[in-house]
Structures are given as structure tokens and as C-alpha cells.
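Residue numbers (the numbering used here): 5 to 192. Following: one structure in C-alpha cells, then a few remarks.
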């Protein structure tokens, strides 16, 4: 089954989002009641999927990881929908644990043309001119995080009932040596 991810949120934002402030790691149905009844079909817990480091180029992101963290990120891939590419670093004990969080180093792929259609924008605010300028001037930066939920449609519905708009679910994919990796992510 494809991995399901809740949309990313810029670090430092003050509104509740995927596992963000005010939501913690508790079930949404326990936090809000509507007309005296619990929110319908509260989704199971959201967990950290990955942290996102935006780099001016993938090569500079790898160099940053080697200099800052003392490790070389593993292979990643290309995201045709967004025209981006990445390298990955598993977080944790180093043992292969299913669902373990990871660090993603991502950059716009200058050799790719995104397949998304305007006015849609790349994930993680990568098309924001101020963010691009800051990353160009200051180098790779932690800019987002992504939470994993078992049922994205149910999570999006529950959050909408709370007044939290996480956007629409989108299918995304990238090729890996083991085959096509597919997932859903909410984008706004």
C-alpha cells in the first residue's frame, strides 16, 4: 500500500497543523466536539515522517550534511510532479525500522520540468521568492516537516471540521532501485 503523508508545514508557523502545536500526538476527536458530539471518524495518531532541508542545489545539500552532520545522505530520487530531487538520511538507531523518520535534503532539479500546472506551486514553499533568496544566501536550511497518517482522506476531513485547511490530497511518486514509490501528500 502507498505511504500516506499529511502535508508539510513551514517551521515556526503558529497555526495548528499536522501534529503541530495544539494537536500534539493525540487523536483529534479528543480535542474537539461539534454540536455536543465527538468529531466523526477521528483519524489515528499522526507521527513524524520526515524533516525537510531545502538546499540551493542537491550537491550543496549533500556537502552541508557532510560538513554539519558528518554523514553522507543515502540515495533519493527525482519527483516528476514537482521538478525536484532529493537525498535521504534515516534518523534513529541506524537499524532498519519500518516507518522510521528521516531527513530529506531537497532541491529544485534544474534539469527537470515540473508536471504540476499553474497556479499550483512546489511543495515546502520552494517557489516562494523570499525563501529561495534566503536559502541562496544562507545555504541549506530546515524549512518543513511532514507527518504520516494512516488515512489521509479521514485526517483531512477531521482537520477541516476543526477549521484547519491542509489542502487537497495529491498523488506523488519517484522511481527507486526497488521500483516506483508512490504516496499521497496534502498540498496547500
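Cβ atoms here follow ideal geometry from the backbone N, Cα and C, with glycine treated the same way.
Proximity below 8 Å, CB of residue i to CB of residue j
| i | j | result |
| --- | --- | --- |
| residue 109 | residue 71 | no |
| residue 58 | residue 150 | no |
| residue 3 | residue 80 | Lying outside 5 to 192, the shown extent of the chain, residue 3 is not represented and no answer is given. |
| residue 136 | residue 86 | no |
| residue 174 | residue 191 | yes |
Simplified DSSP state of residue i, which is helix, strand or coil
| i | result |
| --- | --- |
| residue 61 | coil |
| residue 124 | coil |
| residue 129 | helix |
| residue 40 | For residue 40, the predicted structure reports a pLDDT of 41, less than 50, and the residue's modelled location is therefore unreliable. The matter cannot be settled from this model. |
| residue 192 | coil |
| residue 147 | strand |
Reference residue i, options the options, closest by Cα
| i | options | result |
| --- | --- | --- |
| residue 189 | 168, 165, 155 and 164 | 155 |
| residue 196 | 88, 132, 103 and 134 | There is simply no residue 196 to check, as the chain begins at 5 and stops at 192 in what is shown. |
| residue 54 | 106, 62, 64 and 83 | 106 |
| residue 169 | 146, 159, 145 and 186 | 159 |
| residue 61 | 134, 183 and 113 | 113 |
| residue 146 | 157, 153 and 129 | 129 |
| residue 49 | 82, 163 and 180 | 163 |
Limits of the alpha helix (DSSP H) - the one that residue i falls within
| i | result |
| --- | --- |
| residue 92 | That residue, residue 92, is in no alpha helix (DSSP H); its beta strand (DSSP E) goes 88 to 94. |
| residue 155 | No alpha helix (DSSP H) holds residue 155; DSSP gives it neither H nor E. |
Residue range of the unbroken beta strand (DSSP E) whose run includes residue i
| i | result |
| --- | --- |
| residue 116 | Premise fails: residue 116 is in no beta strand (DSSP E) and is neither H nor E. |
| residue 170 | Careful: residue 170 lies outside any beta strand (DSSP E) and carries neither H nor E. |
| residue 79 | 78 to 83 |
Integer Cβ distance of residue i from residue j, believed to fall under 8 Å
| i | j | result |
| --- | --- | --- |
| residue 144 | residue 65 | 5 Å |
| residue 183 | residue 152 | Contact doesn't hold; Cβ gap of about 20 Å is too wide. |
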